[in-house]
């Protein structure tokens, strides 16, 4: 395993370079709405991006904490290439701090807090190709586990190589990335599952997303749904006392239903094609003061969503 500094030397600079504030020598990260202003060498709040020579680079570039061959349904993707397998890869860091984080062991830590190994894009894609030669159900790579877009340059570089090898790219994301980042990677993404954690700015502020997070996530969903060739599914984890009212699910699913959704046959509405997952919460990390979501609540939320959407699934029940 090489040092973090050696990886940073290899990592390409962000396509949208951070501006250096001349007055105080800080650099502003352009990746998400937090727009962290970082002193020389300082990490952003995601713990995955660092100031380096006037720009902000992906400090977690190529640092893989989790690697597994998964059924594609586990992402979850219910209506994209069912029965196939994807090589799932994750690093560390996230730009949200949801108190119920399901992957906090890697998402809510930094480089020195979790074991990792360096895997360059060429090596990762070669692994996927080798696995495909052994099992024809293997179709591609999923960028998942932590928040992949805090290190979006690695996603981009792997995804470009994956497409050249005839592999598909799956993105599992919280959606909290600025429009420039989404537009850069969208042509490389074949399927995405985006978390819609709640349907209000207040909910996202409870996850430390800031005042612009809610609009940013909705914009990400809009952009990917409108992108030709990208299959989109959306997931809401139903947390008791936080986002489990029928009115909130009704509002969220109504909004999803109205989205323009691009299919090979043309533009339709989300009501016809967008897939929505409502899943059951279990106590995790900082949110252990309540029990699991009652199964009946999850089913009731799914029934509400079906008023607007054709494809609704429950999970963890």
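In my numbering, the protein residues as written are 946 to 1262. Each residue gets a CB set at the ideal place from its N, CA and C atoms; glycine is no exception.
Is it buried or exposed, residue 998, if we count other Cβ atoms within 10 angstroms and call 16 or more buried? Label assigned to residue 998: exposed.
Contact belief for residue 1005 with residue 1052 at Cβ below 8 Å, rounded distance in angstroms: 11 Å between Cβ atoms; not a contact.
Residue 1095: which of 977, 1256 and 1233 sits nearest, CA to CA? The shortest Cα separation from residue 1095 among 977, 1256 and 1233 belongs to 977.
At a Cβ threshold of 8 Å, is residue 1237 touching chain B? The question asks about chain B, but that chain is absent: this structure has only one protein chain.
Check whether the Cβ atoms of residue 1169 and residue 1139 sit closer than 8 Å, and answer yes or no. Against a cut-off of 8 Å, the Cβ pair of residue 1139 and residue 1169 comes out as a contact.
Pair every Cβ in the segment 1109 to 1118 with every Cβ in the segment 1048 to 1065, then say whether three or more of these pairs are closer than 8 Å. The answer is no - the segment 1048 to 1065 does not touch the segment 1109 to 1118, with fewer than three Cβ pairs under 8 Å.
Please state whether the Cβ-Cβ distance between residue 1180 and residue 1021 is less than 8 Å. Yes, Cβ-Cβ distance for residue 1180 and residue 1021 is below 8 Å.
Best match in 1218, 1196, 993 and 1081 for proximity to residue 1144 [C-alpha to C-alpha]: Ranking the options by Cα distance to residue 1144, first place goes to 1196.
I need the boundaries of the beta strand (DSSP E) containing residue 995, first residue and last residue. Residue range 994 to 997 is occupied by the beta strand (DSSP E) that includes residue 995.
Among the residues of its own chain, which have a CB less than 6 Å from the CB of residue 1176, if the five just before and after it don't count? So the list reads 1025 and 1136, once near-sequence residues are dropped.
Determine whether the beta carbon atoms of residue 1238 and residue 1184 lie at a separation below 8 Å. Cβ atoms of residue 1238 and residue 1184: closer than 8 Å.
For residue 1220, which three-state DSSP category applies? When DSSP states are grouped into helix, strand and coil, residue 1220 belongs to the strand group.
Of the residues 1042, 1083, 1013 and 993, which one's Cα is nearest the Cα of residue 1007? Considering only alpha carbons, the answer is 993.
Rounded to whole angstroms, what is the Cα-Cα separation between residue 1016 and residue 1086? Each residue's CA atom was taken as its position, placing residue 1016 and residue 1086 some 11 Å apart.
Does residue 1235 come out as helix, strand or coil in the three-state DSSP assignment? The answer is coil: DSSP assigns residue 1235 none of H, G, I, E or B.
Enumerate in chain order the residues of its own chain whose CB-to-CB distance from residue 1128 is below 8 Å, with the five nearest sequence positions on each side excluded. Closer than 8 Å at the Cβ level, and outside the excluded window around residue 1128, lie 1168.
Shortest alpha-carbon distance to residue 1151 belongs to which of 1084, 1046 and 1115? Taking only the C-alpha atoms, the option nearest residue 1151 is 1046.
N- and C-terminal bounds of the alpha helix (DSSP H) containing residue 1160: Here the alpha helix (DSSP H) through residue 1160 covers 1158 to 1170.
State the Cα-Cα distance for the pair residue 1189 and residue 1126, rounded to the nearest angstrom. Near 31 Å, if we compare the C-alpha coordinates of residue 1126 and residue 1189.
Which partner residues of residue 1108 appear in the DSSP bridge assignment? Per DSSP, residue 1108 has no beta-bridge partner at all.
Could you tell me the boundaries of the beta strand (DSSP E) in which residue 1130 lies? Taken as a continuous stretch (DSSP letters only), residue 1130 belongs to no beta strand (DSSP E), being part of the alpha helix (DSSP H) at 1124 to 1130.
Own chain residues within Cβ distance below 6 Å of residue 1033, not counting five before or after: Sequence-distant partners of residue 1033 (beyond 5 residues in either direction) whose C-beta falls short of 6 Å from its own C-beta, in its chain, are 1013, 1015, 1087 and 1089.
Report yes if the CB atom of residue 1003 is closer than 8 Å to the CB atom of residue 1098, and no otherwise. Their beta carbons are under 8 Å apart, which means residue 1003 touches residue 1098 by this criterion.
Counted within 10 angstroms of its Cβ, other Cβ atoms place residue 1066 as buried (16 or more) or exposed: That one is buried.
The alpha helix (DSSP H) spanning residue 1134 covers which residue range? Premise fails: residue 1134 is in no alpha helix (DSSP H) and is neither H nor E.
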